[in-house]
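Asker: For the sequence shown, this note's numbering begins at 1 and goes up steadily by one.
Sharing a structure here in structure tokens format.
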Amino acid sequence: MTNKTPYHEIRQEGQLVLSILEGKLPSTREQKQMSPMLQLCSLVVDCWNLDARERPDTARCKALLEWMPSAVPSPGRAEVRSPQLLLKIGDMHRLQSRPDEALESFKKALEISRHTEDHKATAGAMLLLGEAYKDLSRFFEAELNFKSALEFYDQGGDRTGMGTALIGLGSVYDALSDISEAEMHYRQALDAFSQAHNDLGRANSMVKLGRIYKGQSKLVQAAECYDNAGEIYMRIGDEMGRANALLGLGRVRHAQSQADDAERKCKEAEELYSRIGGELGRANALETLGDIYRAQSNYPEAKSRYVEAGEIYGRVHDELGQANARLGLGRIHYFHSEYSQAESVYKQALDIYTRVGDVLGRANAFAWLADTYRAQSSYLTAEETYVRANDAYMHASDDLGRSNTLLGLGQVRQAQSKIAEAETAFAEAAELSERVGNKAVQIHALMSLGLICGNRGDYRAAENHFAEAVVILSGFGNESALKAAQQALEETEVKVAYMAWNSQEIKLSS
């Protein structure tokens, strides 16, 4: 790979023997020419393990090598590269999060394949151009290339090619928050790969569907998709795919409040990405670890992960990633009551989401901005911002986000004595949170509805809302909140119930 022997820098034989005996292995990461092939470097290091039991066997080596980008150089003039070699070189750049270099290679491959009327290479170049444009958030150009590739493969009856193009299109619609179109294309891709008996394609489709299901709060289905995909990736030796499945499963476990398993899965994914040079994936894993630590109120660890993730996102020119990391940092400022810093960071993220057309990102930024305004008693501004967040969540088909936002909207309207409008927001929040299993929001919404009904003398309705909250709290594990809700149910004086309930705090999803 480098045209140099191992330990080439050591001149004396005795020093060479000593280095080997002490287990000092040659470096595979400090040489620039090795940077595009970190997957291969990691395999070489594994094969050098001093404990023979820890070395991969030949079957494992063969499986790993089969999924590494590689190509035979073009015959004849060395400076004239074949489309296949250019595509492989470009794909290595893309996997190493170097989208500009990848784009250049793919464009050259497309030009040559069109000139030579090599239709297979043309379709392949269009596919990878679509991926490169998507990585750069140039979604219109990505969609055009994926559609062109799909047409080529459809004409030739190539089910595997069709499935790959359909996944690409689904990813574009996913990034644009057109969730129904994304899910439809992912399902079509899974069907195409199943007809082609292509396990890799099936696994890739499952990972994409897992992401959709998680966004829809269908967490059991999401976990099943990631589990099945992970098993396939492990069997065929696809380390990048395995890391993606682990990260997806870690995010699901985080949403299911299984913090230990979530942390374990994300750390394993981060280690895999680091081994194979997947910088973007590593940043995603670090960001998710930041979310996990933030949910545990471990703010120093969370901040460290967000900062590191943000640095990587900046290095690989991923604007969406930078915005996501900023949101996490803003949330830390919020919990430290550093509201001006939180507001500034949220607005920076909002600008990015607006520029690249990420509807879900805009919804999150609006919702958290509204929380910041509410914490500063700027209720009118908070109300307007919650309304914008709710609209964006509706567009993104995110009922979990909507349930949190509607609860906040009800609270700021109640603070402004807009009782009828507050009651409407709480009722919607209670209904949505029940549908998506967001019990913390459901309890808060039901108790708020009970207090509103009691204050206007509708004690029967108040009793019903309090009773429903008590039932949910019975299995929630918060004894003090349960007692407060039971007291509210038993009290005839609503003000006493209000004081009892408001002294409690049930953590919401954040």
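Where is the CB? At the ideal position from N, CA and C, for every residue including glycine.
Classify residue 316 as helix, strand or coil using the three-state DSSP reduction.
Answerer: As a working note, residue 316 is residue 316 in the sequence shown. If DSSP states are grouped into helix, strand and coil, residue 316 belongs with coil.
Asker: Going by C-alpha to C-alpha distance, which of 155, 139 and 323 sits closest to residue 310?
Answerer: Looking up residue 310 in the sequence shown gives position 310. Among 155, 139 and 323, the Cα nearest to that of residue 310 belongs to 323.
Asker: Around the C-beta of residue 83, are 16 or more other C-beta atoms found within 10 angstroms, so that it is buried, or is it exposed?
Answerer: Counting from one through the sequence shown, the residue named residue 83 turns up at place 83. Buried, since its Cβ has 16 or more Cβ neighbours within 10 Å.
Asker: Name the residue from 230, 238 and 465 whose alpha carbon lies nearest to the alpha carbon of residue 248.
Answerer: In the sequence shown, residue 248 corresponds to position 248, counting from 1. It is 230.
Asker: Within a Cβ cutoff of 6 Å, which residues of the same chain sit near residue 256, ignoring the five residues on either side of it in sequence?
Answerer: Looking up residue 256 in the sequence shown gives position 256. Closer than 6 Å at the Cβ level, and outside the excluded window around residue 256, lie 219.
Asker: Extract the residue ranges of the alpha helix (DSSP H) inside the segment 312–393, only unbroken runs of 4 or more that lie entirely within it.
Answerer: Qualifying alpha helix (DSSP H) stretches, in chain order: 319–335, 339–356 and 359–375.
Asker: Determine the burial state of residue 366: buried for a count of at least 16 other Cβ atoms within 10 Å of its Cβ, exposed for fewer.
Answerer: Residue mapping note: residue 366 aligns to position 366 of the sequence shown, counting from 1. Flag for residue 366 reads buried.
Asker: Runs of 4 residues minimum, wholly inside the segment 189–267: which ones carry the alpha helix (DSSP H) assignment?
Answerer: Counting whole runs of 4 or more residues, the segment 189–267 contains the alpha helix (DSSP H) stretches 199–215, 219–236 and 239–255.
Asker: Report buried or exposed for residue 466, applying the criterion of at least 16 other Cβ atoms within 10 angstroms of its Cβ.
Answerer: As a working mapping, residue 466 is identified with position 466 in the sequence shown. Residue 466 should be labelled buried.
Asker: Take residue 104 as the anchor and find which of 133, 457, 114 and 275 has the nearest alpha-carbon.
Answerer: Mapped onto the sequence shown, residue 104 falls at position 104. Residue 133 is the option with its Cα nearest to residue 104.
Asker: Check whether the Cβ atoms of residue 408 and residue 386 lie closer than 7 Å to each other.
Answerer: Along the sequence shown, one-based indexing puts residue 408 at 408. Along the sequence shown, one-based indexing puts residue 386 at 386. Cβ atoms of residue 408 and residue 386: closer than 7 Å.
Asker: Determine whether the beta carbon atoms of residue 109 and residue 127 lie at a separation below 7 Å.
Answerer: On the sequence shown, residue 109 is found 109 positions in, with the first residue counted as 1. On the sequence shown, residue 127 is found 127 positions in, with the first residue counted as 1. Against a cut-off of 7 Å, the Cβ pair of residue 127 and residue 109 comes out as no contact.
Asker: In chain order, what residues of the same chain lie with their CB nearer than 6 Å to the CB of residue 330, ignoring the 5 residues before and after it?
Answerer: Here residue 330 corresponds to residue number 330 of the sequence shown, with the count starting at 1. These residues qualify, in order along the chain: 342, 345 and 346.
Asker: Hey, out of 195, 163, 235 and 239, whose CA is closest to residue 208's CA?
Answerer: Numbered from its first residue, the sequence shown carries residue 208 at position 208. Residue 208 has its Cα closest to that of 163, out of 195, 163, 235 and 239.
Asker: I'd like the span of the alpha helix (DSSP H) that includes residue 280, first residue to last.
Answerer: Position 280 of the sequence shown holds residue 280. Unbroken alpha helix (DSSP H) run through residue 280: 279–295.
Asker: Grab the span of the alpha helix (DSSP H) containing residue 533 for me, first residue to last.
Answerer: The question about residue 533 has no answer, for the chain in this structure spans 1 to 510.
Asker: Can you say whether residue 436 is buried or exposed, counting buried as having 16 or more other CB atoms within 10 angstroms of its CB?
Answerer: Stepping through the sequence shown from its first residue, residue 436 is reached at position 436. So residue 436 ends up on the buried side.
Asker: From 392, 425, 326 and 319, pick the residue whose C-alpha is nearest to that of residue 291; which is it?
Answerer: For the purposes of this step, residue 291 is identified with residue 291 of the sequence shown, where counting begins at 1. The residue with the shortest Cα to Cα distance from residue 291 is 326.
Asker: If you check the beta carbons only, do residue 427 and residue 441 fall under 7 Å apart?
Answerer: In the sequence shown, counting from the first residue as 1, residue 427 sits at position 427. In the sequence shown, counting from the first residue as 1, residue 441 sits at position 441. For residue 427 and residue 441, no; Cβs fall outside 7 Å.
Asker: Closest by CA to residue 301, which one among 381, 313, 286 and 315?
Answerer: Taking the first residue of the sequence shown as position 1, residue 301 is located at position 301. Of the listed residues, the one whose Cα sits closest to residue 301 is 286.
Asker: Using the three-state DSSP reduction, which class does residue 397 fall into: helix, strand or coil?
Answerer: Translated into positions along the sequence shown, residue 397 becomes position 397. Three-state result, residue 397: coil.
Asker: If you drop the 5 nearest sequence neighbours on each side, which residues of the same chain put their C-beta closer than 6 Å to that of residue 189?
Answerer: Position 189 of the sequence shown, counted from the first residue, corresponds to residue 189. Within the same chain, residue 189 has close Cβ partners 163, 166, 167 and 205.
Asker: Measure how close the beta-carbons of residue 355 and residue 392 come, nearest whole angstrom, since I'm counting them as under 8 Å.
Answerer: Within the sequence shown, the letter at position 355 stands for residue 355. Within the sequence shown, the letter at position 392 stands for residue 392. Incorrect: roughly 15 Å between the Cβ atoms, too far for contact.
Asker: How about residue 124 and residue 106: do their beta carbons lie closer than 7 Å?
Answerer: If you number the sequence shown from 1, residue 124 lands on position 124. If you number the sequence shown from 1, residue 106 lands on position 106. No, the pair does not count as a contact, with Cβ atoms beyond the cut-off.
Asker: Could you compute how far the alpha carbon of residue 423 sits from the alpha carbon of residue 433?
Answerer: Taking the sequence shown and counting its residues from 1, the one referred to as residue 423 is at position 423. Taking the sequence shown and counting its residues from 1, the one referred to as residue 433 is at position 433. When rounded, the distance between both Cα atoms is 15 Å.
Asker: Beta-carbon within less than 7 Å of residue 530's beta-carbon, same chain only, minus the 5 sequence neighbours each way: which residues are those?
Answerer: Past the boundaries of the shown model lies residue 530; the chain is included only from 1 to 510, so the question cannot be answered.
Asker: How big is the Cα-Cα spacing for residue 172 and residue 139?
Answerer: Stepping through the sequence shown from its first residue, residue 172 is reached at position 172. Stepping through the sequence shown from its first residue, residue 139 is reached at position 139. If I take the Cα positions, the gap works out to 6 Å.
Asker: When DSSP labels each residue in this structure, what does residue 416 get in the three-state scheme?
Answerer: Within the sequence shown, the letter at position 416 stands for residue 416. Correct three-state label for residue 416: coil.
Asker: Pick from 122, 447, 170 and 197: whose alpha carbon is nearest that of residue 159?
Answerer: Position 159 of the sequence shown, counted from the first residue, corresponds to residue 159. Among 122, 447, 170 and 197, the Cα nearest to that of residue 159 is on 197.
Asker: Starting from residue 161, trace the alpha helix (DSSP H) both ways and give me its first and last residue.
Answerer: As a working note, residue 161 is residue 161 in the sequence shown. Run containing residue 161: 159–175, per the alpha helix (DSSP H) assignment.
Asker: Out of 161, 141 and 135, state which residue places its alpha-carbon closest to the alpha-carbon of residue 121.
Answerer: Sequence index remark: in the sequence shown, residue 121 carries index 121 (1-based). Cα-wise, what sits closest to residue 121 is 161.
Asker: With the cut-off set at 7 Å, would you say residue 273 and residue 243 are in Cβ contact?
Answerer: To locate residue 273, count along the sequence shown from 1; it is residue 273. To locate residue 243, count along the sequence shown from 1; it is residue 243. Cβ distance < 7 Å, so residue 273 and residue 243 count as in contact.
Asker: Classify residue 462 as buried or exposed, calling it buried when 16 or more other Cβ atoms lie within 10 Å of its own Cβ.
Answerer: As a first step, residue 462 must be located in the sequence shown, where it is residue number 462. Buried.
Asker: Buried or exposed: which applies to residue 47, given that a residue is buried once 16 or more other Cβ atoms fall within 10 Å of its Cβ?
Answerer: For the purposes of this step, residue 47 is identified with residue 47 of the sequence shown, where counting begins at 1. With fewer than 16 other Cβ atoms within 10 Å, it is exposed.
Asker: Between residue 289 and residue 312, what straight-line distance do the alpha-carbon atoms span, to the nearest angstrom?
Answerer: The residue you call residue 289 lines up with position 289 of the sequence shown. The residue you call residue 312 lines up with position 312 of the sequence shown. The straight-line gap from Cα to Cα measures roughly 15 Å.
Asker: Is residue 180 buried or exposed, if buried means 16 or more other CB atoms sit within 10 Å of its CB?
Answerer: Position 180 of the sequence shown, counting from 1, holds the residue named residue 180. Exposed: under 16 other Cβ atoms inside 10 Å.
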